[in-house]
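Numbering (the numbering used here), first residue to last: 337 to 459.
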C-alpha cells in the first residue's frame, strides 16, 4: 500500500472511531425520536457505488416517511420536501442523519476524502 493510501486509511480509521465514540449518546437519542415520530425502522439503507465501482450498503438515520420511495421511485430530495419528517428535517439540517456513515468509513466502504458515493440509479 502506498504511503498516501495508508495515511488516508489511517486517518479514516482514527477519525471515524473517534466520531463513533463521541457521538455514542446521540446513537441512543436519535433513534428514540425517530421511533416516536414515525415508528420503525429508524435506519435507512440503500446501495451506493464507491469510487472504484464497488456497490455497498450505505446507512443513514431515516429522515423521510417510511416506504416513500416505493410510491415515488428514486428522486432527488428538495429543500422543503414534504416527504421529510420533522425530526428528519432537523437531522438533515445538522447532518446528524449521516452519523451511521461513520460505520461505512470504518469498514472501508467509503472515505472522508474523495468523491461522495452515489446511488446506482444516478450513476
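Glycine is no exception: its CB is placed at the ideal position from the N, C-alpha and C atoms. As the structure is a prediction and not an experimental result, all values here were calculated from the model.
Give every residue of the same chain whose Cβ lies closer than 7 Å to the Cβ of residue i, excluding the five residues on either side of it in the sequence, and list them in chain order.
i: residue 419; result: 400, 401 and 404
For the candidate residues the options, whose alpha-carbon lies nearest to that of residue i?
i: residue 352; options: 454, 458, 452 and 447; result: 447
i: residue 430; options: 349, 445 and 366; result: 366
i: residue 348; options: 439, 456, 455 and 426; result: 439
i: residue 396; options: 388, 432, 390 and 359; result: 432
Compute the beta-carbon to beta-carbon distance between residue i and residue j, rounded to the nearest angstrom, for a pair I have assumed lies under 8 Å.
i: residue 453; j: residue 378; result: 22 Å between Cβ atoms; not a contact.
i: residue 381; j: residue 390; result: The Cβ separation is near 16 Å, so there is no contact.
i: residue 345; j: residue 370; result: Contact flag wrong, Cβ pair sits at about 31 Å.
Which same chain residues end up closer than 8 Å to residue i when comparing Cβ atoms and leaving out the 5 residues on each side of it in sequence?
i: residue 422; result: 373
Using DSSP bridges, identify the partner residues of residue i.
i: residue 434; result: Residue 434 pairs with nothing; no bridge assigned.
With a threshold of 6 Å on Cβ separation, who are the neighbours of residue i within its own chain once the five nearest residues in sequence on each side are excluded?
i: residue 435; result: 359
i: residue 387; result: 450 and 451
**Request:** List in chain order: all unbroken alpha helix (DSSP H) runs of 4+ residues lying wholly within the stretch 342-420.
**Result:** 360-374 and 404-408
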